[in-house]
Amino acid sequence: MTYSSGTYRDANVKNEGAFSTGINNSNYQTFDFNDGITPGNSKVQYSFSNGAPSTTVNQKTGIISDKWAPAGVNAEVNISKYLAVFSDSNTIVEALGGKVFNYFGFDAGALSGGNTIEFFKSGTSIKKLTYEMMNSLATVSATQHGGQKNAFFEIFSESENDNFDKIVLSQVGGGGFETDNHTFRIGQGAYTASVPEPGVVLGLASVGGMLLRNRKKQKTA
0 MTYSSGTYRD ANVKNEGAFS TGINNSNYQT FDFNDGITPG NSKVQYSFSN GAPSTTVNQK
60 TGIISDKWAP AGVNAEVNIS KYLAVFSDSN TIVEALGGKV FNYFGFDAGA LSGGNTIEFF
120 KSGTSIKKLT YEMMNSLATV SATQHGGQKN AFFEIFSESE NDNFDKIVLS QVGGGGFETD
180 NHTFRIGQGA YTASVPEPGV VLGLASVGGM LLRNRKKQKT A
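Under numbering that gives the first Met the number 0, think of the first position of the sequence shown as 0, with each following residue one higher.
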């Protein structure tokens, strides 16, 4: 896993959060939640463990717009819609057609206790990332979030052993897990596109070769 402050989709639009460097690359699938409906296409499916998502700010999992939207590259206020996950319902993302992912990037904001994301392959957990792990890496502090940290995280496979076909975003206990601008790459084996050198190797997954990687914060103006 790497972290950075992300990049802009359009250098002239800085109020929609941070994006992956693959945002304008046709080999990647990006969902920004801006239309307010459950995203997905012929390659990627979103679902919710407790029925349809909410579209209002009522402390329930859904696609909403409020001050807690993950911040931009330089901590700019994000006025677009985003995915908020609360303890009432997990968000499940799956690769369709028997395919697997070897890359997933997402903007995470106002990180708080209980934020959890877990990766699976054929029903087996590959890696779980917790609030403590993500918060220790994040460096963008947003005043609109009371100083809580934001970051753009990128998870990539080191080999076929840690490709993943399902991602589960959940919130343990109170509070919410706010993410935006999900970007995926369908691919088998190691992710080889511009993988950064790690500043620090933080740990090795118990299954497969997925590394947690730390790199210096990079800002794109």
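Glycine included, each C-beta is placed from N, C-alpha and C at the ideal position. Note that the structure is predicted; figures quoted are calculated from it, not measured.
- A check of alpha carbon separations from Asn14 across Asp106, Glu131 and Lys126 identifies Asp106 as the nearest.
- Under the criterion of beta carbons closer than 8 Å, Asn24 and Arg8 do not qualify as touching, at roughly 11 Å.
- Under a 10 Å Cβ-count criterion, Ala51 is classified as exposed, with fewer than 16 other Cβ atoms of the shown protein chains found around its own Cβ.
- Nearest Cα to Asn149 within the set Asn11, Ile78 and Gly71: Gly71.
- The DSSP-derived three-state label of Gln143 is helix.
- Per the DSSP secondary-structure output, Gly61 pairs in a beta bridge with Ser53 and Ala83.
- Burial state of Thr90 is buried, judged by a 10 Å Cβ sphere holding 16 or more other Cβ atoms.
- In its chain, beyond the 5 residues on either side, Gly5, Thr6, Arg8 and Asn180 have a beta carbon closer than 6 Å to the beta carbon of Phe18.
- Where Tyr102 is concerned, the enclosing beta strand (DSSP E) starts and stops at Phe100 to Gly108.
- The shortest C-alpha to C-alpha distance from Thr178 to any of Leu82, Thr20, Asn57 and Gly122 is the one to Leu82.
- For Asn180, the enclosing beta strand (DSSP E) stretches over residues Phe176 to Ile185.
- Taking a cut-off of 8 Å on C-beta distances, the stretch 94-105 does not touch the stretch 130-144, as fewer than three cross pairs fall below it.
- Thr55 and Ile63 have their alpha carbons spaced roughly 6 Å apart.
- Counting along the chain, the unbroken beta strand (DSSP E) around Tyr45 starts and ends at Val43 to Phe47.
- Setting aside the 5 residues that flank it on each side, Tyr45 is surrounded in the same chain by Thr37, Pro38, Gly39 and Val92, each with a C-beta closer than 6 Å to its C-beta; the list follows chain order.
- When the alpha-carbon of Phe85 is set against those of Thr191, Arg184, Phe183 and Gly172, the nearest one is in Gly172.
- For Ser135, the uninterrupted alpha helix (DSSP H) run begins and ends at Tyr130 to Leu136, by DSSP.
- With a beta-carbon spacing of about 4 Å, Asn77 and Ala68 fall inside the 8 Å limit used to define contacts.
- Taking the Cα of Gly113 as reference, the smallest distance to any Cα among Phe176, Thr20, Gln187 and Lys42 is reached at Phe176.
- Val139 and Ala74 have their C-alpha atoms spaced approximately 6 Å apart.
- The Cβ atoms of Gln147 and Ala94 do not sit closer than 8 Å to each other.
- Phe47 and Val167 have their C-alpha atoms spaced approximately 9 Å apart.
- Rounded to whole angstroms, Thr60 and Thr115 show a C-alpha spacing of 14 Å.
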